[in-house]
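Accompanying notes for the structure given below.
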Amino acid sequence: MENTLHNKEMRFVYGETLNELIEQNPNVMCLEADLSKASGTNPTVSSKHPANFLNIGVAEANMISIGAGLASEGKIPFCASFTCFASRRVYDQITISVAYANMNVKIVGTAPGVTAGPNGGTHMCFQDLAIMRAMPNMTVLSPCDCYELRACLHWMAAHRGPVYMQLIRMKQPQVFDSTYRFAPCKAVHMRRGNDVTLVSTGYMTPFAMQAADELAKDGIAVDLLHCPSVKPFDAETLVASANRTGGVVTVENQNILGGLGGAVCEILSEQCPVPVKRLGVPDQFGEVATEAYLFEKHGFSVQHIKQACRDIAARRRK
Amino acid sequence: MTEKFDQEQFDQMAAEWRYIMTDMICRAGSGHLGGALSLVEIVMTLYYRVMRTDPKNPRWDERDRLVLSKGHAAPVLYLALAYQNFFPTSWLKTLNADGTKLPSHADARFVPGVDMTTGSLGQGLSCACGAAYAARMDGKKHRVFCIIGDGESNEGQNWEAAMFAGHHKLDNLVAITDYNKLQIDDFTEKLLTLEPLCDKWRSFGWEVFETDGHDWDAIYDTINAAIAVRGKPAMIIAHTIKAKGCCLVENKPESHNIKVPDQAAYDKFLNAMNTKATLPY
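Structure below.
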């Protein structure tokens, strides 16, 4: 497999990987709701595999339930739209047609959190990880780079059951390479250290890596866990790390309520109570703005991550 | 599809089903009686005269599918499946009981023969579209039937599905509207106008039929005419009477979800049935 994926936009890797999956299994289908160019599947999938490409129109609820009907006949539909429409707009369709009925439907939320920038507050969804995580039968993923995205997609096609995945559309810094293998419910140890545990997922992982590397120069050794699988969550690795470091910082491109930070706090409060600082959006809606502005306003830039790590390292459980 | 049609026998069985269903719901203490009683002749015709199914192999790939989008009418579907030997009739008395395999709304996870899990109104027709689209992709010959409610037709998602099926000319899809003219709070025309209902469906690219939903021959002939349509999906507007056969609540809004708190109420409902029957459990 090529080692140049990171030169591509994530959405095109999504389209190209769907093509691979369709070629491996003709039951794989690409469903869109009039955002196929934004998702990177048009023309990548639509021209190469038109029979497996189905554009439902601006009707996300219909897309999800049609996906359930297709899945009931053995198809494996990947249904994509902006995160706001792929999660909160169709929450009941996903709940009943997909998760409750336990249908093999894959839901892809594109342009998560602050990456919806120019579309502004109406489209900026900070709650999809939280609400999807609260749904029985649902697996919730947030890959951070092209290699992990591709690996997640291969796993999703092979896994029988509902999955929700965040898809960052633009080009992302390389984190992994073509040897990367996705394991569900497994955190990836990006940096090892004993001073503070830092937990990230998806879009925030490259920022967390930068923060950890800069802190290392200041003599603070960060134990950085990247969690592509927000549900199921790798509690074992988290608890082992927290036991060693005595304090945890989380950072996510989401509301700090109920998502990654929520998952971490639920586990730690029961299994390893230590000081925790959650970074992300403090229960506010988004707005049309640059990423730098939003990071600064809500306090989850690299500088904020570093400061939180310093603070937690200073007051950690000894 | 198991038996030759004998009107007397079917009339008797329909009356039995109505009595048993009322008993099932009354035993449970409450339940959706009206919209299940209105569907007896339609569901019986589908399972006894139209649909190809195999009770020994409920997931038989070539079977015809039925999506009961108005999932609260599950008791009538459960009766059809029990009588067709998909599962023992003894299960029927467990409707809604703790740990039951027969939940209040149609459930494909537990009930052999149920093709789609439903219960949140408006989603079933989209699911049926997906199933019909998949069948056509794979060159399969089975038909997909879908029953929606008239009150359910308030849900916008039905019209998204209507547009999709019309656009994609899903002629392996036959939908039926149980048009009993009542929804939970009131008569459909008082609460939110559906009319002109046939014109609505026609304008979405469907072939539309109307039938008396309690007349055996009319239902049978109309379903067959709908199956024969080529190049577009078919909608059958079936005129029915909500809670038909239970004079206590027939054609009344309160028939939607009856409350049966005690033995006196139980007796009242069962005594109100036009025909009595022996319970198969």
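In the order they appear, the protein sequences are chains A and B. Each position in the first sequence, counted from 1, maps to that position plus 1275 in the numbering used here. Each position in the second sequence, counted from 1, maps to that position plus 9 in the numbering used here. Think of the CB as a built atom: it goes at the ideal place given N, C-alpha and C, for glycine as much as any other residue.
Within 8 angstroms, strictly: CB atoms of residue i and residue j
{"i": "alanine 184(B)", "j": "isoleucine 157(B)", "result": "yes"}
{"i": "leucine 1500(A)", "j": "methionine 1484(A)", "result": "no"}
{"i": "leucine 130(B)", "j": "cysteine 155(B)", "result": "no"}
{"i": "arginine 1467(A)", "j": "glycine 1521(A)", "result": "no"}
{"i": "proline 1503(A)", "j": "phenylalanine 1457(A)", "result": "yes"}
{"i": "alanine 1538(A)", "j": "arginine 1408(A)", "result": "yes"}
{"i": "valine 1556(A)", "j": "glutamine 1529(A)", "result": "yes"}
{"i": "valine 1380(A)", "j": "cysteine 1359(A)", "result": "no"}
{"i": "proline 1507(A)", "j": "glutamine 1441(A)", "result": "no"}
{"i": "tyrosine 87(B)", "j": "leucine 101(B)", "result": "yes"}
{"i": "serine 1417(A)", "j": "threonine 1385(A)", "result": "no"}
{"i": "lysine 1350(A)", "j": "alanine 143(B)", "result": "yes"}
{"i": "valine 1551(A)", "j": "cysteine 1540(A)", "result": "yes"}
Coarse secondary structure for residue i, derived from DSSP in three states
{"i": "proline 262(B)", "result": "helix"}
{"i": "lysine 1(B)", "result": "Because chain B here runs from 10 to 290, residue 1(B) falls outside it and cannot be looked at."}
{"i": "leucine 1404(A)", "result": "helix"}
{"i": "arginine 1467(A)", "result": "coil"}
{"i": "lysine 257(B)", "result": "The identity of residue 257(B) in the sequence shown is leucine, whereas the question assumes lysine. Note: leucine 257(B) maps to coil in three-state DSSP."}
{"i": "arginine 1363(A)", "result": "helix"}
{"i": "asparagine 1528(A)", "result": "strand"}
{"i": "aspartate 221(B)", "result": "strand"}
{"i": "arginine 1553(A)", "result": "strand"}
{"i": "arginine 74(B)", "result": "strand"}
{"i": "asparagine 1330(A)", "result": "strand"}
{"i": "glutamate 216(B)", "result": "strand"}
{"i": "phenylalanine 196(B)", "result": "strand"}
{"i": "histidine 1501(A)", "result": "strand"}
{"i": "methionine 1431(A)", "result": "helix"}
{"i": "lysine 1283(A)", "result": "coil"}
{"i": "leucine 182(B)", "result": "strand"}
{"i": "methionine 146(B)", "result": "helix"}
{"i": "alanine 243(B)", "result": "strand"}
{"i": "valine 1577(A)", "result": "helix"}
{"i": "lysine 79(B)", "result": "coil"}
{"i": "lysine 13(B)", "result": "coil"}
{"i": "methionine 282(B)", "result": "strand"}
{"i": "alanine 1461(A)", "result": "Here residue 1461(A) is lysine; the residue named in the question, alanine, does not match the sequence. Note: lysine 1461(A) maps to coil in three-state DSSP."}
Those residues which DSSP pairs with residue i across a bridge
{"i": "serine 39(B)", "result": "Lys268(B)"}
{"i": "glycine 158(B)", "result": "Asp187(B)"}
{"i": "isoleucine 1382(A)", "result": "Cys1354(A), Tyr1439(A)"}
{"i": "histidine 248(B)", "result": "Tyr188(B), Asp221(B)"}
{"i": "serine 1475(A)", "result": "His1501(A), Val1526(A)"}
{"i": "lysine 1506(A)", "result": "Val1415(A)"}
{"i": "valine 1303(A)", "result": "Ile1351(A)"}
Span separating the alpha-carbon of residue i from that of residue j
{"i": "leucine 134(B)", "j": "lysine 149(B)", "result": "19 angstroms"}
{"i": "leucine 77(B)", "j": "alanine 83(B)", "result": "8 angstroms"}
{"i": "methionine 1431(A)", "j": "phenylalanine 278(B)", "result": "51 angstroms"}
{"i": "glycine 1396(A)", "j": "alanine 247(B)", "result": "46 angstroms"}
{"i": "valine 52(B)", "j": "aspartate 194(B)", "result": "25 angstroms"}
{"i": "arginine 118(B)", "j": "valine 1563(A)", "result": "44 angstroms"}
{"i": "proline 67(B)", "j": "alanine 115(B)", "result": "15 angstroms"}
{"i": "asparagine 105(B)", "j": "valine 1505(A)", "result": "35 angstroms"}
{"i": "cysteine 138(B)", "j": "leucine 179(B)", "result": "8 angstroms"}
{"i": "cysteine 1547(A)", "j": "alanine 1515(A)", "result": "9 angstroms"}
{"i": "proline 1411(A)", "j": "methionine 1378(A)", "result": "12 angstroms"}
{"i": "glutamate 169(B)", "j": "aspartate 276(B)", "result": "44 angstroms"}
{"i": "glycine 1436(A)", "j": "arginine 239(B)", "result": "35 angstroms"}
{"i": "serine 162(B)", "j": "methionine 1413(A)", "result": "29 angstroms"}
{"i": "leucine 201(B)", "j": "phenylalanine 173(B)", "result": "23 angstroms"}
{"i": "proline 1318(A)", "j": "glutamine 166(B)", "result": "28 angstroms"}
{"i": "glutamine 132(B)", "j": "serine 1576(A)", "result": "42 angstroms"}
Residue i Cβ short of 7 angstroms to the ligand GTP heavy atom set
{"i": "glutamate 1541(A)", "result": "Looking at this structure, you won't find the ligand GTP or any other ligand, since it has none at all."}
Integer-rounded CB distance, given that residue j should sit under 8 angstroms from residue i
{"i": "alanine 1517(A)", "j": "threonine 1480(A)", "result": "With 8 angstroms as the limit, alanine 1517(A) and threonine 1480(A) do not qualify as a contact, their Cβ atoms being about 19 angstroms apart."}
{"i": "arginine 1444(A)", "j": "methionine 1338(A)", "result": "With a Cβ gap of about 18 angstroms, arginine 1444(A) and methionine 1338(A) do not count as contacting."}
{"i": "lysine 241(B)", "j": "alanine 252(B)", "result": "At roughly 33 angstroms, the Cβ-Cβ gap does not stay under 8 angstroms, so lysine 241(B) and alanine 252(B) are not in contact."}
{"i": "threonine 220(B)", "j": "glycine 160(B)", "result": "With a Cβ gap of about 19 angstroms, threonine 220(B) and glycine 160(B) do not count as contacting."}
{"i": "threonine 1476(A)", "j": "glutamate 1527(A)", "result": "6 angstroms"}
{"i": "isoleucine 232(B)", "j": "isoleucine 245(B)", "result": "7 angstroms"}
{"i": "leucine 1296(A)", "j": "leucine 1428(A)", "result": "7 angstroms"}
{"i": "phenylalanine 1451(A)", "j": "glutamate 1423(A)", "result": "5 angstroms"}
{"i": "leucine 48(B)", "j": "serine 264(B)", "result": "Not a contact, Cβ separation roughly 13 angstroms."}
Amino acids of chain D, ordered along the chain, whose beta-carbon sits closer than 7 angstroms to that of residue i
{"i": "lysine 1350(A)", "result": "Absent here is chain D; the protein component of the structure consists of chains A and B."}
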